[in-house]
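Working notes, structure below.
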Amino acid sequence: MDIATELLAGSRLALSRAITAVENEYDDAVEIMKKIYSHTGKAQVIGITGPPGAGKSTLTDKLVKEYRRQGKTVGIIAIDPTSPFTGGAILGDRIRMNDLTTDEGVFIRSMGTRGSLGGLSRKTAEAVKIMDAFGKDIIFVETVGVGQSEIDIVKMADTTCVILVPGLGDDIQAIKAGILEIGDAFVINKADREGVERLNIELEMMLELDQDKGEWRPPVKRTVAQENTGITELIAVLDDHYHYLVESGQLAARRKKRTKDELVTMIHDDIGRYVSKKIIAGKEFEEILSHVEKREKDPYTVVSEIITSVLK
Amino acid sequence: MEKRIRVLVAKPGLDGHDRGAKVVARALRDAGFEVIYTGLRQTPEQIAEAALQEDVNVVALSLLSGAHNHLFPKVIGLLKGKGMSDVLVIGGGVIPDSDIPGLKEAGVAEVFTPGTTTAKIVEFITANVK
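Those protein sequence lines, which keep their order, are chains A and B.
Be aware that the first sequence starts at 1462, since it is given in the working numbering, and climbs by one per residue.
Be aware that the second sequence starts at 2, since it is given in the working numbering, and climbs by one per residue.
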């Protein structure tokens, strides 16, 4: 049996190997994705983002336990940064979710950002699809809350949850551009700490000014994940948002946009790869390069010549 | 194309010290590996299941409590049962020389005792990973 068939039949090892195939761009990755694609689109995808130390993994752990009590199966993709210097990474989010490891209804996979341009979001999106096709009801994508990745999360999540904590310096730091616009729900974790009122007020004020979300006004919830406080209330918010998405037609609209974006990205990537293979790796490229280097030709003309030759 | 060596660093059993494991994890990271660290007091079942979910190439077990003769082979047995027999299993910690042949017989590829340089561990993994 091949990996895709085994995965659809419920093999956890096949699920794991399929994600590896996508992550490492193995030759069979595309074949696997082709075979499972029709089985995707059923899971509810929840993005968890926020600054380092906000308690994202601990909160995810508690949310997953609550979903398991409700009888739902869960997939978790936990993303941690890859070193830009060595390519190595410490993927440590499992530590906060250790007792989920042996729950057969849960599958946790850690991914490094690996630094390839746009590569993370596409590979993570494919890992989401793989878990979706496997049959997970809920899929969490937990990202590092620095850089571009927390914006990318919006592209694949139905509901994006932004986790903040009181006392991280000036409270306004946490709600600068980007973070505020992507949240469908805001969570103030470690809400037993000093400064929780101020952060809450600031968030509410900023959200008042933000009119782009249509009828959905992102709620602000307080949790103390470590003590399991506020978890069921947060699940209720996640459910509410999902129902809102379904009933307002937003879910269909978001998924349509996602499908379109994915298709466009894949076309871009594949054409880029084709051009790299045909032109950049070709013999004439050195010559073209030296013409440009010596200012005998300009790069603008060269690029349009290359495009014409590829498209003919 | 972008294959990267993934290593699970795990501490089985009742043992509250993980400075050594963290030093090794850091060295492996600096060698360009992806290191999944699972923290203290893991059962063999948790370790084998994490290895499966993370699809690692290497499981590095660290143990100081003396239960290695029991726990290391148990992890190896569970990995095999999950279809992960191609994983390279290495061990480290306070392990008497006299126990090493038995552990190797049980499927531990190499045992690194105190004083081993991290470079040696990196070298061994690079040379032996499948």
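Backbone N, C-alpha and C define an ideal beta-carbon position, used for all residues, glycine too.
The structure displayed is predicted, hence computed values, not measured ones.
| Query | Result |
| --- | --- |
| So, helix, strand or coil for B:LEU15, using DSSP? | coil |
| Which residue's Cα is closest to the Cα of A:SER1518: A:ASP1541, A:GLN1531, A:ARG1715, A:LYS1590? | A:ASP1541 |
| Buried or exposed: B:LYS121, going by 16 or more other Cβ atoms within 10 Å of its Cβ? | exposed |
| Select from B:VAL123, B:SER63, B:GLU46 the residue whose C-alpha is nearest the C-alpha of B:LYS83. | B:GLU46 |
| Going by beta carbon distance, what residues of the same chain come within less than 6 Å of A:MET1592, once the five residues before and after it are set aside? | GLY1536, ILE1600 |
| Rounded to the nearest angstrom, what separates A:LEU1561 and B:ARG42 at their Cα positions? | 14 Å |
| The alpha helix (DSSP H) that contains A:ILE1732, what's its start and end? | 1711–1736 |
| Are the beta-carbon atoms of B:VAL76 and B:ILE91 separated by less than 8 Å? | no |
| Would you please verify whether the beta carbon of B:GLY40 is less than 8 Å from any beta carbon of chain A? | yes |
| Does the Cβ-Cβ distance between A:THR1684 and A:ILE1696 come in under 8 Å? | no |
| What are the boundary residues of the beta strand (DSSP E) that B:SER136 is part of? | Since the first and last residues shown for chain B are 2 and 131, residue 136 of chain B lies out of range. |
| Determine the chain A residues that contact B:ASP31 at a beta-carbon separation under 9 Å, and present them in chain order. | SER1544, PHE1546, THR1547, GLY1549 |
| Go through its chain and collect everything with a Cβ distance to A:ALA1475's Cβ below 6 Å, but skip five positions before and after it. | ILE1464, GLU1467, LEU1468 |
| Under 7 Å Cβ-Cβ, which residues of chain A neighbour B:ILE91? | Going along chain A, no residue has its Cβ under 7 Å from B:ILE91, so there is no contact; the nearest lies around 17 Å. |
| Measuring only the C-alpha atoms, how far is A:GLY1511 from A:VAL1605? | 7 Å |
| On the DSSP letters alone, give me the boundaries of the beta strand (DSSP E) that A:ASP1541 sits inside. | 1535–1541 |
| Should A:GLN1531 be labelled buried (16 or more other beta-carbon atoms within 10 Å of its own) or exposed? | exposed |
| Would you list the residues sitting across from B:TYR38 in a DSSP beta bridge? | B:VAL10 |
| When you compare the stretch 4–22 of chain B with the stretch 32–41 of chain B, are there three or more beta-carbon pairs, one atom per stretch, that lie closer than 8 Å? | yes |
| What's the gap between the Cα of A:GLY1579 and the Cα of A:LEU1668? | For A:GLY1579, the pLDDT reaches just 49, beneath the cut-off of 50, and the residue's location in the model is therefore unreliable, leaving the point undetermined. |
| Ordered along the chain, which non-local residues of its own chain (more than five positions away) have a Cβ less than 6 Å from that of B:ALA22? | VAL10, LYS12, SER63 |
| Name the chain A residues whose beta carbon is nearer than 7 Å to that of B:ALA51? | ARG1555, THR1562 |
| Are B:ALA49 and B:LEU72 closer than 8 Å when you measure CB to CB? | no |
| From the DSSP output, which residues share a beta bridge with A:ILE1649? | A:LEU1625, A:ARG1683 |
| State yes or no: is the C-beta of A:ALA1646 within less than 8 Å of the C-beta of A:LEU1712? | no |
| In terms of alpha-carbon separation, which member of B:HIS18, B:GLY103, B:ALA28 lies closest to B:HIS69? | B:GLY103 |
| Where does A:GLN1531 sit, in a helix, a strand or coil, going by DSSP? | coil |
| Which same chain residues end up closer than 8 Å to A:LEU1706 when comparing Cβ atoms and leaving out the 5 residues on each side of it in sequence? | ASP1619, THR1620, LEU1712, ARG1715 |
| Starting from the beta carbon of A:GLY1514, find every residue of chain B whose beta carbon is closer than 7 Å, and list them in chain order. | Simply none; closest approach about 17 Å. |
| Select from B:VAL130, B:SER86, B:LYS81, B:ALA61 the residue whose C-alpha is nearest the C-alpha of B:LEU114. | A small correction: the amino acid at residue 114 of chain B is Thr; Leu does not occupy that position in the sequence shown. Residue B:ALA61 is the option with its Cα nearest to B:THR114. |
| Would you call A:VAL1681 buried or exposed, if buried means 16 or more other Cβ atoms sit within 10 Å of its Cβ? | buried |
| Hey, is B:GLY84's beta-carbon within less than 8 Å of any beta-carbon in chain A? | yes |
| By a C-beta neighbour count over all protein chains shown, 10 Å radius and 16 as the cutoff for buried, is A:ILE1551 buried or exposed? | buried |
| How many Å lie between A:LEU1772 and A:TYR1498 at the Cα? | 29 Å |
| State the DSSP-derived secondary structure class of A:ARG1570, mapped to helix, strand or coil. | strand |
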